[in-house]
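Student:
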Amino acid sequence: MLITGAVLEEIGRPRPYSESRPITVGELDLDGPGSGEILVKIEAAGLCHSDLSVVDGNRRRPVPLLLGHEAAGIIVERGAGVDLRIGQRVVMTFLPRCGECAGCATDGRLPCERGTAANGAGELLGGTRRLQRNGEAVNHHLGVSAFATHAVVSRRSVVTVDDDVPPEVAAVLGCAVLTGGGAVINAAKPAPAQTIMVIGLGGVGMAALMVAVALGHPVIGVDAIAAKLERALELGASRVYSPAEASEAGVTAGIVIEAAGHPRAFELAVAATAPGGTTVTVGLPNPSATSTISPLTLVAEARTIVGSYLGSAVPERDIPLFVKLWREGRLPVEELVSSRIALADINAGMDALADGTAVRQIIRFE
Ligand SMILES: [Zn+2]
Ligand SMILES: [Zn+2]
114 MLITGAVLEE IGRPRPYSES RPITVGELDL DGPGSGEILV KIEAAGLCHS
164 DLSVVDGNRR RPVPLLLGHE AAGIIVERGA GVDLRIGQRV VMTFLPRCGE
214 CAGCATDGRL PCERGTAANG AGELLGGTRR LQRNGEAVNH HLGVSAFATH
264 AVVSRRSVVT VDDDVPPEVA AVLGCAVLTG GGAVINAAKP APAQTIMVIG
314 LGGVGMAALM VAVALGHPVI GVDAIAAKLE RALELGASRV YSPAEASEAG
364 VTAGIVIEAA GHPRAFELAV AATAPGGTTV TVGLPNPSAT STISPLTLVA
414 EARTIVGSYL GSAVPERDIP LFVKLWREGR LPVEELVSSR IALADINAGM
464 DALADGTAVR QIIRFE
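For the sequence shown, our numbering begins at 114 and goes up steadily by one.
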């Protein structure tokens, strides 16, 4: 079938992207779903740093690549052996779990080995590509490629949600909430009412903050942008600081979650972790970035540092928990949405993401 989608043509073009236009929006051919795959009509998709990281070259992926990995939609066609019904709303998750490899046996601690390999190659979990343009294959992004009217994905790249979960909420559950919220519940494993500091209040960091608030923890928010600190207070943070203020004031917490993806933010997170406490790092800095920390402090203050990818989540286990918190009114996921944009404005949307001014921009497909 013919679809419209946003294809990254070249990595590393200069900013502003609204001028260099690394992403083009146009028509592509999408094959029908193969065995174990589904065709999804996309309803909503969020712009996430993991898309920007491919655009700016922090994460190398094969191009041309149809971007987008945080999304929700409706199943319109099923390949053989799929247990889901037509018309079912699904949340896309950006790392399929095959359910059979050593990584999949770690309860979310490690990513799926096959899923990781497929993501790196720009393929779906089954090793296939379903997208072409002018007869040439176009790569999938993180098994999803949701900045498009439709997507074919592996059954193992989706989690179902009930119809009462609106498309924008469902979309954001799949990456920002799963990653940020998972960092809290799976990686930090806080004691009841323990104070949690979150450094970096983009989509993932803000979601971590909201989940921590929903679970009754006092939360300290840290970000360089004043508007995000105001937003954090509105969403239930008890205190907020700029990174400089936090470091000057010597603010500490038993659990510190670093979601900025910058080596200086990681150093601040370690320094702000109280003795005996845990630093959780979920940000994805450039592969060449390095940080300096004191081994003696780790020993003398009995600290723990935990790396958490995708919120150390098992999406099928964790997304229903976040839906429950949302349904109870404790996790207002829609508050993460800072603006809605048209697919045609995707380059300008990447500029807003790079500026740090947007929490979550959502593309709606009608
Ligand atoms: Zn993401
Ligand atoms: Zn696996």
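No residue lacks a Cβ here, since even glycine has one placed at the ideal position from N, Cα and C.
Can you tell me whether DSSP reads P388 as helix, strand or coil?
Tutor: strand
Student: Can you give me the C-alpha to C-alpha distance between I480 and V251, rounded to a whole angstrom?
Tutor: Summary: the structure shown does not reach residue 480, with the chain confined to residues 114 through 479, and so no result is reported for it.
Student: In three-state terms, what does DSSP make of S421?
Tutor: coil
Student: Spell out the partners DSSP gives Y130 in its beta bridges.
Tutor: Paired residues: none, contrary to the question.
Student: If you measure between the beta carbons of G118 and A261, is that distance less than 9 Å?
Tutor: yes
Student: What is the DSSP secondary structure of I116, reduced to helix, strand or coil?
Tutor: strand
Student: Kindly indicate which three-state DSSP category T403 falls into: helix, strand or coil?
Tutor: coil
Student: Relative to ligand 1, is the shortest distance from any of its heavy atoms to the C-beta of S163 smaller than 8 Å?
Tutor: yes
Student: Measuring CB to CB, does L121 end up less than 9 Å from L178?
Tutor: yes
Student: So does the stretch 283-290 actually touch the stretch 316-325, counting three or more Cβ pairs closer than 8 Å?
Tutor: Cβ pair count under 8 Å is three or more, so yes.
Student: Would the stretch 180-197 and the stretch 299-309 be scored as touching if the rule is three or more Cβ pairs under 8 Å?
Tutor: No, they do not touch.
Student: Look at the Cβ atom of I309, then the Cβ atom of A382, and state whether they are nearer than 9 Å.
Tutor: no
Student: Mind reading off the beta-carbon distance from A467 to V395? Whole number of angstroms is fine, and I expect it under 8 Å.
Tutor: Not quite, the Cβ-Cβ distance comes to about 19 Å (not below 8 Å), so this is no contact.
Student: Do G216 and ligand 3 come close, with the Cβ less than 8 Å from some heavy atom?
Tutor: This structure lacks ligand 3; its bound ligands are ligand 1 and ligand 2.
Student: Measuring straight from C-alpha to C-alpha, what distance separates S351 and G293?
Tutor: 18 Å
Student: Does the stretch 146-161 come into contact with the stretch 222-240, if we say contact requires no fewer than three beta-carbon pairs (one atom in each stretch) closer than 8 Å?
Tutor: yes
Student: Determine the burial state of I199: buried for a count of at least 16 other Cβ atoms within 10 Å of its Cβ, exposed for fewer.
Tutor: Result: exposed.
Student: Between R440 and ligand 2, is there a pair consisting of the residue's CB and a ligand heavy atom that are separated by less than 8 Å?
Tutor: With a cutoff of 8 Å, R440 does not count as near ligand 2, since its C-beta is closer than that to no heavy atom of the ligand.
Student: Across the stretch 154-166 and the stretch 212-229, are there enough close Cβ pairs to call them in contact, namely three or more that are closer than 8 Å?
Tutor: no
Student: Alpha carbon to alpha carbon, how far is R416 from I432?
Tutor: 30 Å
Student: Which of the three DSSP states, helix, strand or coil, is assigned to N171?
Tutor: It is coil, neither helix nor strand.
Student: DSSP state of A306, grouped into three classes?
Tutor: coil
Student: Kindly identify the DSSP beta-bridge partner or partners of K154.
Tutor: I187 and H263
Student: What does DSSP give as the partner residue(s) for N252 in the beta ladder?
Tutor: L178
Student: A345 to G235, Cα distance in whole Å?
Tutor: A345 and G235 have their C-alpha atoms roughly 35 Å apart.
Student: If you reduce the DSSP assignment to three classes, tell me which class D458 lands in.
Tutor: helix
Student: For ligand 1, any of its heavy atoms closer than 8 Å to the Cβ of C288?
Tutor: yes
Student: Any heavy atom of ligand 2 closer than 8 Å to the CB of E236?
Tutor: no
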